[in-house]
Every structure is written in C-alpha cells, then in structure tokens.
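>
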Amino acid sequence: MTYKALYKSWQDNPDAFWMKIAENVDWFEKPSKALFDEKAPLYEWFVDGKTNTCWNAVDRHVKAGRGDQTAIIYDSPITQTKQKISYADLQTRVASLAGALRNKGVEKGDRVLIYMPMVPETIEAMLACARLGAIHSVVFGGFASNELAVRIDDAQPKCIIAASCGIEPGRVVHYKPLLDNALGLAAQQPEFCVILQREQEVAKLEEGRDEDWHEFQYGVAPADCVPVEGNHPAYILYTSGTTGQPKGVVRATGGHLVALNWTMKNIYDVDSGDIFWAASDVGWVVGHSYICYAPLIHGNTTVVFEGKPVGTPDAGTFWRMIEEYKIKCLFTAPTAFRAIKREDPKGEEVEKYDLSSLKSLFLAGERADPDTIEWAQSQLNVPVIDHWWQTETGYAIAANPMGIEKLPVKIGSPAVPMPGYDVQILDEGGHPLPAGKLGAIAIKLPLPPGTLPTLWNAEDRFKSSYLQQFPGFYETGDAGLVDEDGYLYIMARTDDVINVAGHRLSTGAMEEVLAAHPDVAECAVIGVTDALKGQLPLGFLCLNSGVHRDHADVVAEVIKLVREKIGPVAAFKLAVVVNRLPKTRSGKILRGTMVKIADNKAFKAPATIDDPAILDEIKAALQSLGYANN
0 MTYKALYKSW
10 QDNPDAFWMK
20 IAENVDWFEK
30 PSKALFDEKA
40 PLYEWFVDGK
50 TNTCWNAVDR
60 HVKAGRGDQT
70 AIIYDSPITQ
80 TKQKISYADL
90 QTRVASLAGA
100 LRNKGVEKGD
110 RVLIYMPMVP
120 ETIEAMLACA
130 RLGAIHSVVF
140 GGFASNELAV
150 RIDDAQPKCI
160 IAASCGIEPG
170 RVVHYKPLLD
180 NALGLAAQQP
190 EFCVILQREQ
200 EVAKLEEGRD
210 EDWHEFQYGV
220 APADCVPVEG
230 NHPAYILYTS
240 GTTGQPKGVV
250 RATGGHLVAL
260 NWTMKNIYDV
270 DSGDIFWAAS
280 DVGWVVGHSY
290 ICYAPLIHGN
300 TTVVFEGKPV
310 GTPDAGTFWR
320 MIEEYKIKCL
330 FTAPTAFRAI
340 KREDPKGEEV
350 EKYDLSSLKS
360 LFLAGERADP
370 DTIEWAQSQL
380 NVPVIDHWWQ
390 TETGYAIAAN
400 PMGIEKLPVK
410 IGSPAVPMPG
420 YDVQILDEGG
430 HPLPAGKLGA
440 IAIKLPLPPG
450 TLPTLWNAED
460 RFKSSYLQQF
470 PGFYETGDAG
480 LVDEDGYLYI
490 MARTDDVINV
500 AGHRLSTGAM
510 EEVLAAHPDV
520 AECAVIGVTD
530 ALKGQLPLGF
540 LCLNSGVHRD
550 HADVVAEVIK
560 LVREKIGPVA
570 AFKLAVVVNR
580 LPKTRSGKIL
590 RGTMVKIADN
600 KAFKAPATID
610 DPAILDEIKA
620 ALQSLGYANN
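Using numbering that gives the first Met the number 0, read the sequence shown as starting at 0 and increasing by one per residue.
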C-alpha cells in the first residue's frame with residue numbers, strides 16, 4: 000500500500016482503520032469501537048476494551064516462545080558496565096518488583112513517581128507500575144528539588160522509586176539528597192520510597208520510609224498483570240508550561256499500545272527481533288515511547304545507554320554501539336549529531352567502525368537543520384529522516400513512513416502527516432492558508448489514539464492551552480507551512496516567528512543559512528526589540544572544533560550569506576560567536592529565555608536547563624552588542 004492510499008483509508012473510515020490496527024495488540028476484552036466522542040472536545044479511544052501494557056510489552060513475547068530473545072541491552076561507558084536482559088528475565092524482574100509494590104499497597108490508579116538514571120531498573124520500574132495498573136510519573140534523574148517537589152504535589156504519589164545517584168562524565172549526581180530536600184518542600188508525602196543503591200554512592204536510608212530495592216522484593220510473591228480500561232492512564236509526563244507550573248500530560252493505555260506498536264514497522268521499518276536504539280533519556284517523551292514502550296511492545300531489542308554522544312570517551316561512541324550491537328535503526332536528537340560533528344567534522348571516527356547493520360537514522364526533538372542532515376547522510380550513507388512530534392502527541396505527527404513507502408527526502412521537512420493527523424496551516428484568525436504560506440500549525444480534532452486526552456487534574460488548563468486559540472483544532476504552538484506536495488515544514492515555535500518592519504520571518508530559515516557556513520557547528524537566531532523595525536534578528540554562532548579564525552570575519556560572512564539567501568528584508572546585521580548555547584537536557588535551545596535577557600525582561604531559568612551558568616555567557620555576549628544592559 001502506498002502512503003497516499005494508507006492515509007486515504009484512514010480518512011475514509013477512521014474507526015475501521017484504528018480497530019484493524021488494534022488487532023495487533025492483546026486485549027483481555029476487545030473494544031467495541033475505536034473513538035468515544037461523548038465528552039468532546041475531550042476525545043477518548045478504546046474505552047470499553049480491557050488490556051495491560053506490561054502484558055503486551057513483556058509477557059506475550061514470553062508466551063509466544065521468544066523468552067530467550069534479548070529485550071534490553073544496557074551499555075554504560077561511564078561506569079564500564081554492559082548487560083543483556085532477555086524477555087524471560089525481564090518478566091521475572093518486573094513481576095517481582097510489581098509484587099513487592101502490591102505487597103506495600105500499590106494498586107490500580109495509584110501514582111508512583113520514578114526518579115532514576117539510565118539503568119535497566121528504570122524500565123523495570125515503569126513496567127512494574129503498568130503491570131499493576133498504577134500510573135507512573137518519571138522525572139528526569141537529577142532534577143532540582145523544588146521542581147521535583149512541584150511534581151510530587153501535583154501527582155500525589157503513593158510511592159517514589161529512586162536511585163542513590165546518577166553518574167555523569169567526571170561527576171556523581173547525588174539523587175537521594177535531592178529527593179530528601181524535595182520531600183521537605185512538598186506538601187504531599189509518599190507512603191514509602193524504594194531506593195536502588197548504586198555502588199558509586201550508597202545513600203543513607205530513612206528508617207520507616209525508605210526501602211532498599213533488593214531487600215524490598217525478597218520473599219514476596221510475583222504479581223500478575225491487572226486488566227485496565229482502554230482510557231485508564233498509563234502515565235503522567237510533566238512538560239514545562241509557560242506559567243512556570245508544569246503541565247502533566249496524560250497518556251491513556253489503549254491508544255498508547257495501539258499507536259506505538261503501529262509506528263515501529265510503519266514509520267521506523269523495524270521487524271520483531273531487530274535492534275532499535277533511541278539515544279535519549281527515559282525522563283523525556285522519546286524515552287517513554289521509544290526506549291521503554293514501543294520497542295518492547297513490538298518485540299524489538301531496545302538499548303539503554305548511560306553516556307553522551309561525545310566525551311564517553313569520544314565522538315565515536317555512537318558508531319561503536321552500532322557496530323557492537325548490530326543496531327538497525329538509530330533515533331536521536333539533531334543536537335547529538337551537531338555535538339559529534341563539532342568534535343569530528345571530517346568524520347574520522349566514523350571510518351573506524353563497521354556500520355553495515357544501520358539502515359536508517361531518525362532525528363526529532365527540535366528542528367533538524369539541513370547542514371546536520373547533509374553531514375549525517377554523507378557520513379552514514381543511510382536515509383536520514385527528520386520527523387516531528389511533541390510530548391503531547393507521544394509519537395510522530397509527520398514523518399517519512401519508511402515501512403510503508405520510502406518517500407523522497409526533502410531536506411528541511413519532516414515529510415508528511417501520519418494517519419490520524421489532519422494537519423492544517425492557519426492564519427491568526429483561524430483561516431486555512433494556501434501552500435507555501437507561513438502560519439500556525441494546527442491539527443483538526445480529534446487527535447489520534449496515543450495522544451494526550453487531557454492534562455492531569457487540569458481539564459480547564461488543557462482546553463485553554465491547546466483548544467481555545469482555534470476552536471475545533473489542537474494548537475501545536477509551532478509555525479510552518481505546507482508545500483505543493485503536502486510536505487510539512489516546521490519553521491519555528493509560534494513565539495519564534497519575528498516581525499521585522501511588518502514582515503513575518505522565520506528564525507528557523509535564518510538558522511538554516513547560518514548552519515550552512517563551513518565553520519559553524521551550531522547556531523540560534525532570536526528576535527530582539529528594535530525601536531524602528533519592531534524586532535531585529537540576532538544570531539549566536541558556535542564554531543567547529545579546530546576553527547581559529549577571527550570571529551569578526553565569520554560574523555561578516557554569515558551576515559552576507561543571510562542577505563544573499565533570504566534578502567535585505569531579513570535585516571540580519573547582528574551576530575556573535577559563543578562557546579555554547581543554553582539548552583534543556585533534551586537538547587532544545589532556550590531561545591525564549593535568550594530573548595528576555597536581550598530585552599532586559601525578568602526571566603526564570605527553566606528547571607530543565609542543562610547548565611544555568613551558560614546564561615551569564617549569553618548575557619555577556621549580548622552586552623558586547625549593546626543589549627542586556629540593565
């Protein structure tokens with residue numbers, strides 16, 4: 000079937016389309032229909048079906064005789080640890096942990112907060128919650144105490160599962176003191192905590208509250224899978240909100256299973272038994288969907304990697320992993336490849352390894368600039384596929400469906416909408432725009448299975464955040480356009496479209512030009528306030544390793560490039576070289592924070608920032624150009 004035929008089959012009969020796909024997961028009781036619209040605009044899927052995520056991710060593969068297949072490969076260059084866990088072993092471990100949690104009173108509907116590093120036990124904890132029908136909320140390991148406390152108060156967990164520490168290159172991150180401080184700040188308190196003691200740091204346990212991971216499970220009967228309704232929440236994942244109060248994205252069980260299972264073959268073109276590596280962290284949505292759930296539901300081998308793309312020990316780590324484990328599909332953020340390219344622009348590390356197992360590279364998490372895609376294509380000689388999705392959607396809104404039809408790659412575009420997503424470009428009044436026109440990207444309701452049905456304990460906020468701007472649509476918060484072939488282009492967050500003397504311009508288009516300069520490894524463009532033109536674009540440039548040219552020359556060249564490629568209308572005259580850009584831990588550049596610094600506005604460093612000290616460097620760079628002077 001071609002992509003167009005598949006998409007049309009969904010358009011012609013959405014319910015039949017999803018019910019057929021739902022047959023590929025196990026149900027204790029099959030749903031009578033796919034979409035339940037009685038609560039519109041709060042749509043739900045497979046409500047009257049009964050299923051269990053852990054059964055689908057673990058037990059059914061063991062039952063089918065595939066218990067000996069490796070489920071999880073754990074590789075930690077930081078701790079020099081490697082481990083392979085079979086599906087049968089995983090079943091034993093998860094059932095044991097679930098049994099211990101049940102023994103302490105954790106039941107269906109209870110929340111469990113997980114605060115763990117990239118170790119197999121984190122996946123086991125998520126699956127143990129799913130086994131019981133408990134709702135997990137994973138918080139990125141090492142998150143600040145006050146932010147952790149906010150999430151504890153919102154989710155009100157019966158139990159917290161944490162590790163004693165996390166290991167970063169050159170340092171130990173003390174999780175237990177961070178957790179203890181968070182509990183000191185939180186109004187809500189868990190009934191108990193379970194602590195995985197790592198040999199790099201053994202934490203002090205509080206008597207009466209804290210349980211040791213191993214002792215806690217000793218002698219306790221394993222737990223079976225608990226059937227849950229299709230609309231039962233599988234997890235809550237907090238994403239940063241504009242108000243500073245995090246938004247708890249809810250993922251419903253039935254749609255989550257159906258959609259993720261479908262994506263593995265149809266988008267990523269992997270078959271059961273293939274090795275799939277999402278080089279992310281379980282604290283982010285990519286880690287939820289494509290480290291933990293989708294690969295295991297589909298019967299793949301998933302990779303849990305405790306390391307970095309560079310520095311653990313070098314820019315060849317990804318290539319070593321691909322060769323050693325025969326990885327078929329790699330999924331990572333463009334920022335990882337920019338880091339590798341900056342360290343090894345000529346790809347000398349790539350040549351040291353046999354990458355013949357790799358059939359495709361998928362990029363997501365932020366806009367993939369053409370320069371990074373072209374570098375990856377030339378080094379790896381495999382399709383490099385940009386695809387676009389959000390924490391809220393849980394999987395791709397737009398992608399190149401490699402398992403259905405390998406569509407032509409258009410660099411700069413995440414290709415075409417996937418079935419279930421009716422993507423439209425709207426003007427400020429909510430009217431559809433013609434092909435080629437920049438506008439707000441919105442998705443006609445209902446959203447497909449597996450996307451967020453609401454926010455945790457915040458239905459009104461869900462409606463005001465996502466459904467209010469364009470009635471009948473989900474507002475993505477992204478700006479872009481669709482070309483004549485139906486390919487989508489994500490140009491910027493809506494907030495990053497700047498207005499220069501009445502012209503709406505995409506910062507993303509300017510970043511493409513800057514990134515094409517041979518000396519530029521990474522860049523960002525923001526709009527700063529200007530008395531005459533309203534806003535002016537300002538570029539930040541990070542240079543490749545080994546570039547020792549005069550910065551003024553590089554700045555002059557990129558200004559000339561923007562004038563040539565976009566034109567004088569962009570009024571691009573300001574750029575500065577910096578050592579690094581402020582980012583979240585998942586690699587998103589904090590453009591909004593940079594704008595506030597430039598315009599002398601009050602700002603709060605996001606809780607997800609990788610290193611707050613970078614903001615001082617950005618302020619100094621802005622001051623050198625006459626901005627951020629208050």
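For glycine and all other residues, C-beta sits at the position ideal for the given N, C-alpha and C. If you're wondering where the values come from, they're calculated on a predicted model, not measured in any experiment.
Helix, strand or coil: which one does DSSP assign to Trp-445?
Trp is not the amino acid found at residue 445; the sequence shown has Pro there. Residue state, collapsed to three classes: coil.
> Output the distance between the C-alpha atoms of Arg-341 and Ser-544, rounded to the nearest integer angstrom.
6 Å
> Taking only the alpha-carbon atoms, compute the straight-line gap between Asn-299 and Asp-268 and give it to the nearest angstrom.
The alpha-carbon of Asn-299 is positioned some 12 Å away from that of Asp-268.
> Check whether the Cβ atoms of Ala-185 and Ile-151 sit closer than 9 Å, and answer yes or no.
yes
> Can you give me the C-alpha to C-alpha distance between Tyr-73 and Val-422, rounded to a whole angstrom?
38 Å
> Could you round the C-beta distance between Met-18 and Ile-403 to whole angstroms and report it? I think they count as a contact, below 8 Å.
No, Met-18 and Ile-403 are not in contact; Cβ-Cβ is about 19 Å, not under 8 Å.
> Looking at the unbroken beta strand (DSSP E) that takes in Ser-359, where does it start and where does it end?
359-362
> Tell me the DSSP secondary structure of Lys-532 in three-state form.
In this structure, Lys-532 counts as coil in the three-state DSSP scheme.
> May I ask you to report which of helix, strand or coil DSSP gives Val-656?
The structure shown does not extend to residue 656, since the chain spans only 0 to 629, so no value can be given for it.
> Which partner residues does Tyr-473 have in the DSSP bridge list?
Ile-442
> Just verifying my parser: in three-state terms, what is the DSSP assignment at Ala-251?
strand
> Evaluate contact between the segment 53-62 and the segment 80-88, counting only Cβ atoms and requiring at least three cross-stretch pairs below 8 Å.
yes
> What is the residue span of the beta strand (DSSP E) that Thr-640 lies within?
Residue 640 lies beyond the range of the chain shown here (0 to 629); nothing can be said about it.
> For a minimum of 3 consecutive residues, which ranges assigned as the beta strand (DSSP E) are wholly contained in the segment 181-205?
191-195
> Let me check understanding here. Comparing Cα to Cα, which of Pro-536, Gly-140, Ala-520 lies closest to Ser-279?
Gly-140
> Restricting to Cα atoms, I'd like to know which of His-550, Val-93, Val-594 is closest to Gln-216.
Val-93
> Between the beta-carbon of Phe-16 and the beta-carbon of Pro-418, is there less than 9 Å?
Yes. Within cutoff.
> Use the C-beta contact count for Glu-391: other C-beta atoms within 10 angstroms, 16 or more gives buried, fewer gives exposed.
buried
> Between Cys-224, Ser-163, Leu-182, which has its C-alpha nearest Glu-198's C-alpha?
Ser-163
> Taking the continuous beta strand (DSSP E) assigned at Gly-165, which residues delimit it?
164-167
> Check for me: the alpha helix (DSSP H) holding Gln-622 runs from which residue to which?
Residues 613-623.
> Excluding the 5 residues preceding and the 5 following Pro-308 in the sequence, name in chain order all residues of the same chain whose CB lies nearer than 8 Å to its CB.
Ala-278, Ala-314, Thr-316, Phe-317, Thr-331, Ala-335, Phe-336, Ala-338, Ile-339
> Under DSSP, the beta strand (DSSP E) around His-550 begins and ends at which residues?
Segment 550-564 is the alpha helix (DSSP H) holding His-550; no beta strand (DSSP E) there.
> So, with DSSP's three-state summary, where would you put His-287?
helix
> In terms of DSSP beta bridges, what is Gln-423 paired with?
Ala-441
> So Ile-290 and Ile-166 are in contact, right, with Cβ under 8 Å, and what is the actual spacing, rounded?
The pair is not a contact, with the Cβ atoms about 18 Å apart (cut-off 8 Å).
> Thinking Gly-254 and Trp-455 are a contact (beta carbons under 8 Å), I'd like their distance in whole angstroms, please.
Rounded, the Cβ-Cβ distance is 16 Å, inconsistent with contact.
> Starting from Ser-136, follow its DSSP beta bridges and name the residues at the other end.
Leu-112
> Among Val-225, Ile-113, Pro-413, which has the Cα closest to the Cα of Leu-178?
Ile-113
> Can you check DSSP and say which residues form a bridge with Lys-83?
Ile-72
> Compare the beta carbon distance of Ala-523 and Tyr-473 with 9 Å and say whether it is the shorter of the two.
no
> Since Ala-574 and Ile-558 should fall inside the 8 Å C-beta cutoff, what is the C-beta to C-beta distance between them, to a whole number of angstroms?
6 Å
> Could you pull out every residue in the same chain whose Cβ sits closer than 7 Å to the Cβ of Tyr-6, ignoring the five residues on either side in sequence?
Pro-418
> Please confirm if the segment 96-109 is in contact with the segment 443-454, defined as three or more CB-CB distances below 8 Å between the two stretches.
no
> Checking the sheet assignment: what are the DSSP bridge partners for Glu-123?
None; Glu-123 has no bridge partner.
> By Cβ distance, which residues of its chain are closer than 8 Å to Gly-310, with the 5 residues on each side in sequence left out?
Pro-168
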